[in-house]
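In the UniProt record's numbering, the protein residues as written are 1 to 776.
Heads up, the beta-carbon is just placed ideally off N, CA and C, and yes, glycines get one too.
For clarity, every value in this text was computed on a predicted model and none was experimentally measured.
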Amino acid sequence: MTMTEAGQRVQPNLSRFSVATIIRAFREHNRAASVNANLSGDFTPAELKDVMAKLKQGKAPGSDNIHPEFVTHQCEITSAWLCAFFSACLRRSKLPRTWRRAAVIALLKPNKPADDPKSYRPISLLCVPFKILERMIHSRIEPVVDSQLPKEQAGFRRGRSTVDQVTLLTQDLEDSFQAKAKAGVVLLDLTAAYDTVWHRGLHLKLLRTIPDRHMVNFIMEMLSNRSFILQTSDGQRSRLRRLRNGVPQGSVLSPMLFNIYIFDLPVTTSRRYGYADDLAIMLHQPTWKAVEEGLNQDMDVDQLIQGLQPSLVRKGRWSEDEDQVDQLIQGLQPSLVRKGRWSEDEDQALLQAVAHLGERDWCLIKLEVPGRTGPSCRARAASVNANLSGDFTPAELKDVMAKLKQGKAPGSDNIHPEFVTHQCEITSAWLCAFFSACLRRSKLPRTWRRAAVIALLKPNKPADDPKSYRPISLLCVPFKILERMIHSRIEPVVDSQLPKEQAGFRRGRSTVDQVTLLTQDLEDSFQAKAKAGVVLLDLTAAYDTVWHRGLHLKLLRTIPDRHMVNFIMEMLSNRSFILQTSDGQRSRLRRLRNGVPQGSVLSPMLFNIYIFDLPVTTSRRYGYADDLAIMLHQPTWKAVEEGLNQDMDVLAAYLRSWRLQLSTGKTVSAVFHLCNREARRELEISVENKPLEFQQAPKYLGVRLDRTLSYKQHLDEVRAKVTARVSLIRRLAGTTWGASAKVDQLIQGLQPSLVRKGRWSEDEDQVMRRVVGGVT
């Protein structure tokens, strides 16, 4: 019934009814609808089919040894019989004796001593048919129960999550910061919450919540006369034990039943937050004394103490100290739930849990690896168990060939991309088998190790200096295809290991993201009226100086397939090159002992792996492959200089230990603030007793950043380049200058690369008008 229908019922006598009466009629009608609902009627085939479609495969069986696959792959006759059997169980309030018996496995809780029985969490392996029956009952009573639960209880409810509760709590705390109030929080811990649920009390609350006495009695029948046998990891079993209280952990009904059991928590002065048995209360007042009195009163409520028996584990005060708030936010970020890179001990614990519990029970497996989530365990297990060095498939080759760019220069074997992409199916099959043989044997043709290198002059560099050129390797096309196939295989595994501040050549990340991130942090420092200092690091020949032995070690720490790691190192070893000049001259053949080839699709990923373990710094880091930057904002310039100098010493020591050279002549520092009286302020940053150059407006990833982030110098440079290119277009167009197809093609090819580079203003339209207005 809608509000409109409720209003139509009382429309003739509207003058005699208040708004409260109308709302009461609306609620009473909805309550009557729930009371009249036939919750204990026979199950329908549609209900069974819906539950069976959601039944997860690969789960451990219960005491009847019936696996989920046996039930889900049954015929229609068996499904009809099973539906009738479930209906008979509900109608008669009877269950098979086997369904009441559970096999319990004990999982060690995180950071608990293994020799204490209380350190283990019992998980019930229930019979699969019993699980199906539970899910069908859950689907029936969920809408009715959900309408009765208080809104502050979010545990295992549709559309609610732990993130919502954390966000709600932190938002209330931030509101207290805005009100300049003092906030106190109490986080309650219940001892064996699910295992100590009192059945008689639960029965009473079920009768108050579910408007069908027969359904309530059937649920209590499911909970009564339960027994279990404890199974250990070495196969030993305990004797059969009876249970008189509690709800089984591992049951789909248990979280809902526990929510019902505590749905009538008493009213408190503090605000409550609940996610099943994880409860918290928060109170903010003008003074600490008022906070303590209020929290003590709420914790001393007789009903709360008698009903929940809380064990207070953490009590803390909240302040507006920025460092504490930052630690809180970092602790609550979902991206940090992964807890960084996986260790060998964690991998071993994960593999043991998967071997014991199967590859489906991720909710149980994650308990064996403290601090990890179910999805992260699933992804890690897939990467650890993945056969990265298996034979390539035709689908992998086809996918790479579809992305191969045409018109590229050939390598030393003179095979053009067009020759490979337009081959027949027989040749493709042979090529796939050839690549698989190379991977299997860790062997490569000698020609593939030889590269033709061309030297490209770097922007704004003197042409007579050999260091002004960037060497680009022209690799053999078949070797490029093999590299891309390997890249596609290891990318998901490697990407999960790289730190989030490294954005270089990663899917969904770009230079614009890094520039935006840096400028946003600088603008935040403006809002805080702080002083910000930035150091832009430059590495001398970063790709060419990668130490192969060090890279080998880090590959072994990142890629969980030793054969694949050895093959990648084989691809990098014994390389040689011939330098080609623009006039056709060639140098003699030279050998390479270190470095990764520039122009290779694997090189950026390998370099990211090589520096993936950069040490922790006080400053915030920003990375795009070898373009690194650090930023620190503090209340005083002295604190900024001290922090940046310490961080640069840490980074310089790390780079030196891994044979990377920091170019002190090209590494620059800069300041960002809004205080015009200190516009000439310079930072005194040094590395290895060598002072770093200070720049008023350094360039980071192609964007010129000035002290106040006005982007004036960047716009002036863009305007100058646009003017030069417009003049060039005008010359090339001649008498056809205007809105023609050729001119449009020239503009599309020359101009967007300039005006779309990075983020230089909040109002893009205004920026475009300034740029275009200066050249027309």
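Test item: CB-CB of residue i and residue j under 8 Å
i, j, result
"Arg100", "Asn245", "no"
"Phe263", "Gln153", "yes"
"Leu48", "Met136", "yes"
"Val186", "Ile281", "yes"
"Met605", "Phe479", "no"
"Ile578", "Glu641", "no"
"Val453", "Pro410", "no"
"Gly62", "Val128", "yes"
"Arg656", "Ser576", "no"
"Gly595", "Gln502", "no"
"Phe607", "Leu498", "no"
"Thr667", "Asp647", "no"
"Met569", "His552", "yes"
"Val515", "Phe672", "no"
"Lys180", "Trp288", "no"
"Ala670", "Gln695", "yes"
"Leu388", "Ile559", "yes"
"Leu404", "Ile481", "yes"
"Glu134", "Ser40", "no"
"Ile123", "Val71", "no"
Counted within 10 angstroms of its Cβ, other Cβ atoms place residue i as buried (16 or more) or exposed
i, result
"Glu142", "exposed"
"Ala528", "exposed"
"Asp212", "buried"
"Asn30", "Residue placement at Asn30 is flagged as unreliable, the pLDDT there being 45, under the threshold of 50; the coordinate-derived value follows with that caveat. Per the 10 Å Cβ criterion, exposed."
"Ala46", "exposed"
"Lys531", "buried"
"Thr393", "exposed"
"Cys75", "exposed"
"Ala463", "exposed"
"Trp362", "buried"
"Thr184", "Looking at the sequence provided, one finds Gly at residue 184 rather than Thr. It is buried - the Cβ of Gly184 has at least 16 other Cβ atoms within 10 Å."
"Val104", "buried"
"Leu628", "buried"
"Val163", "exposed"
"Ala80", "exposed"
"Thr191", "exposed"
"Val546", "buried"
"Leu662", "buried"
"Asp561", "buried"
Range of the contiguous beta strand (DSSP E) that encloses residue i
i, result
"Tyr275", "Arg271 to Tyr275"
"Leu683", "Per DSSP, Leu683 belongs to no beta strand (DSSP E) and is neither H nor E."
"Phe434", "Per DSSP, Phe434 belongs to no beta strand (DSSP E); it is in the alpha helix (DSSP H), Glu425 to Arg441."
"Ala102", "Arg101 to Leu108"
"Arg656", "No beta strand (DSSP E) holds Arg656; the alpha helix (DSSP H) holding it covers Trp637 to Ser657."
"Pro122", "Tyr120 to Leu125"
"Leu230", "Arg226 to Gln231"
"Ala84", "Run containing Ala84: none in the beta strand (DSSP E); it sits in the alpha helix (DSSP H), Glu76 to Arg92."
"Arg241", "Arg241 to Leu243"
"Leu592", "Arg590 to Leu592"
One or two residues paired with residue i in a DSSP bridge
i, result
"Ala280", "Leu187 and Tyr273"
"Met631", "Val534 and Arg620"
"Ser473", "Val453"
"Tyr700", "Val703"
"Ile578", "Ala452"
"Glu693", "Val668"
"Gln502", "Gly623"
"Val687", "Lys690"
"Leu660", "None, per the DSSP bridge assignment."
"Leu182", "Position check: residue 182 holds Lys in this sequence, whereas Leu was assumed. According to DSSP, which records beta bridges pairwise, Lys182 is partnered with Gln285."
For residue i, the first and last residue of its enclosing alpha helix (DSSP H)
i, result
"Gln165", "Thr162 to Gln178"
"Phe258", "Ser254 to Tyr261"
"Ile365", "Trp362 to Glu368"
"Gln497", "Premise fails: Gln497 is in no alpha helix (DSSP H) and is neither H nor E."
"Phe526", "Thr511 to Gln527"
"Ser147", "Val128 to Gln148"
"Leu204", "His199 to Thr209"
"Ile559", "Careful: Ile559 lies outside any alpha helix (DSSP H) and carries neither H nor E."
* Does the stretch 510-526 come within contact of the stretch 432-452, defined as at least 3 CB pairs closer than 8 Å? -> The stretch 510-526 vs the stretch 432-452: no contact.
* Asked: Taking one C-beta from the stretch 236-245 and one from the stretch 172-184 each time, how about it: are there three or more such pairs within less than 8 Å?
  -> The stretch 236-245 makes no contact with the stretch 172-184; the number of CB pairs closer than 8 Å stays below 3.
* To do: Count the C-beta pairs between the stretch 272-279 and the stretch 254-261 that are closer than 8 Å, then say yes if the count reaches three, no if not.
  => Touching, yes.
* Are the stretch 346-354 and the stretch 364-378 touching, with three or more C-beta to C-beta distances below 8 Å? -> The stretch 346-354 is in contact with the stretch 364-378.
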